[in-house]
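Chemist:
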Amino acid sequence: MDEEQRNVFVGLSGWGDHDDIYPKGTKAADKLKVYGGHFPIVELDSSFYAIPSPERMQKWCEQTPEDFGFIVKAYQGMTGHARGKIPFPDTKAMFKAFRESAQAMKEVGKLKAVLFQYPPWFGCERKNVEILRRTREWMDGFSLALEFRHQSWFDESMIDKTLAFMREEGWIHSICDEPQAGEGSIPTILEPTREDCTLVRLHGRNASGWHSSGQPNWREVRYLYRYNEHELLEWKRNIDKLLKSTRNCWVIFNNNSGGDAADNAIQLMNLLNLDVPEMPPDQLSLFSE
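Next comes the structure, spelled out in structure tokens:
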């Protein structure tokens with residue numbers, strides 16, 4: 004693949020919780036605008052909990068630079084995470100509402116992909132393959148990224164079949180770095196499924212906290228991890244390998260339980276010789292330790 008066609012875009016999951024990149028006193032309503040001056044891409048994770056209105060999506064687009072990109076996480080009712088009543092009359096109405104929301108970003112060219120991350124109980128079964136096919140059909144016209152959490156999709160006997168299915172259906176492979184903690188976690192499979200783009204999500208390696216969803220503070224525990232330089236150099240090599248068969252690599256740091264995502268992202272950007280964002284003067288000491 005042509006060297007000039009290779010691009011890496013590094014960003015964070017969400018923009019509200021990364022205090023280190025904002026000048027003290029930055030209002031919540033102004034954070035996305037500041038974030039867009041630091042990073043070229045972001046994962047919109049609030050859409051997992053509630054489908055944003057098209058008007059809100061338009062507003063977020065207006066607050067970001069022209070070449071900025073969003074990875075939008077699919078609503079939890081669309082991936083089988085939701086517990087309790089879903090606020091839609093049926094599944095098709097839910098998908099329709101999400102499509103209308105995502106379309107607002109797509110129309111202005113800022114929607115990179117919709118991320119469908121399936122839960123640990125979504126195993127490699129025929130019924131789930133049919134769910135994926137139906138989802139792809141109902142989201143026709145959108146770029147979709149697919150992330151599994153059940154190890155069965157990448158059992159030795161299934162890896163090639165899973166990747167072939169993703170290629171045939173046009174799914175972007177969401178490649179994960181996460182703890183190897185049994186069947187509810189997946190290995191890092193460095194195989195793009197589309198030539199135009201690949202998504203990488205770095206969740207940290209906190210094995211003891213990975214299966215903490217039953218605890219009241221699970222969000223604070225699961226992604227509590229700070230990558231060291233050796234691990235980031237390993238990911239620099241991984242990204243170099245991916246770019247041999249994909250033109251654009253989107254890298255999202257999701258290890259923010261302890262506020263480490265932004266610092267790790269900047270470290271990786273330095274290793275990749277990318278333009279590194281300038282930090283607020285009162286935060287510089289945090290990034291020079």
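Plus 3 on top of the position in the sequence shown (first one is 1) and you've got our numbering. All C-beta atoms, glycine included, are put in the ideal place defined by N, C-alpha and C. Bear in mind the structure is a predicted one, so any value in this text is a computation, not a measurement.
#1: Give the single residue among Arg152, Cys64, Gly87 and Phe256 whose Cα lies nearest to the Cα of His206.
#2: Could you tell me which of Trp156, Val111, Lys115 and Phe119 sits nearest to Phe98, measuring between CA atoms?
#3: Can you give me the C-alpha to C-alpha distance between Asp93 and Lys239, rounded to a whole angstrom?
#4: Nearest CA to the CA of Gly112: which residue from Trp156, Leu202, Ser146 and Leu15?
#5: According to the Cβ coordinates, are Arg139 and Glu172 closer than 7 Å?
#6: Starting from Asp299, trace the beta strand (DSSP E) both ways and give me its first and last residue.
#7: List the endpoints of the continuous alpha helix (DSSP H) containing Ser16.
#8: Look at the alpha carbon of Gly304 and the alpha carbon of Ala31, and state the distance between them as a whole number of angstroms.
#9: Tell me which same chain residues have a C-beta within less than 7 Å of the C-beta of Gln154, skipping the five on either side of it?
#10: Is the separation between the beta-carbon of Glu194 and that of Leu166 shorter than 7 Å?
#11: If you measure between the beta carbons of Ala105 and Val75, is that distance less than 7 Å?
#12: Opposite Glu201 in the DSSP bridges: which residues?
#13: Are Ala85 and Val117 close, meaning C-beta to C-beta below 7 Å?
#14: Would you mind reading off the limits of the beta strand (DSSP E) that contains Gly207?
#15: Going along the chain, which residues of its own chain have a beta-carbon closer than 8 Å to the beta-carbon of Gly198, five neighbours each way excluded?
#16: What would DSSP say about Glu128, mapped onto helix, strand or coil?
#17: Among all the DSSP beta bridges, which residues are the ones paired with Phe119?
#18: Considering just the uninterrupted stretch of the alpha helix (DSSP H) at Glu58, what are its terminal residues?
#19: Note down, in chain order, each residue of its chain lying with its Cβ closer than 7 Å to the Cβ of Trp63, except the 5 sequence neighbours on either side.
#20: Would you give the residue range spanned by the beta strand (DSSP E) that Phe98 belongs to?
Modeler: Let me lay it out:
#1: Phe256
#2: Per the Cα distances, Phe119.
#3: In this structure, the straight-line span from the alpha carbon of Asp93 to that of Lys239 is close to 44 Å.
#4: Ser146
#5: yes
#6: In this structure the chain extends from 4 to 292, so residue 299 is not present and cannot be described.
#7: In the DSSP annotation of this structure, Ser16 is not part of any alpha helix (DSSP H); the continuous beta strand (DSSP E) holding it starts and ends at Asn10 to Ser16.
#8: Because residue 304 is not part of the residues shown, which for the chain are 4 to 292, the question remains open.
#9: So the qualifying residues of the chain are Glu186, Ser188 and Ile189.
#10: With a cutoff of 7 Å on beta-carbon distance, Glu194 and Leu166 are scored as near each other.
#11: yes
#12: Note that residue 201 is Thr in the sequence shown here, rather than Glu. Per DSSP, Cys252.
#13: no
#14: It is not in any beta strand (DSSP E) - Gly207 carries neither H nor E in the DSSP assignment.
#15: Note that residue 198 is Glu in the sequence shown here, rather than Gly. Only Met4, Ser248, Thr249 and Arg250 meet the Cβ criterion.
#16: coil
#17: DSSP output for Phe119 lists Leu149 as bridge partner(s).
#18: Note, Glu58: alpha helix (DSSP H), Pro57 to Glu65.
#19: The residues are Leu35.
#20: The continuous stretches of beta strand (DSSP E) do not include Phe98, which lies in the alpha helix (DSSP H) extending over residues Thr94 to Lys109.
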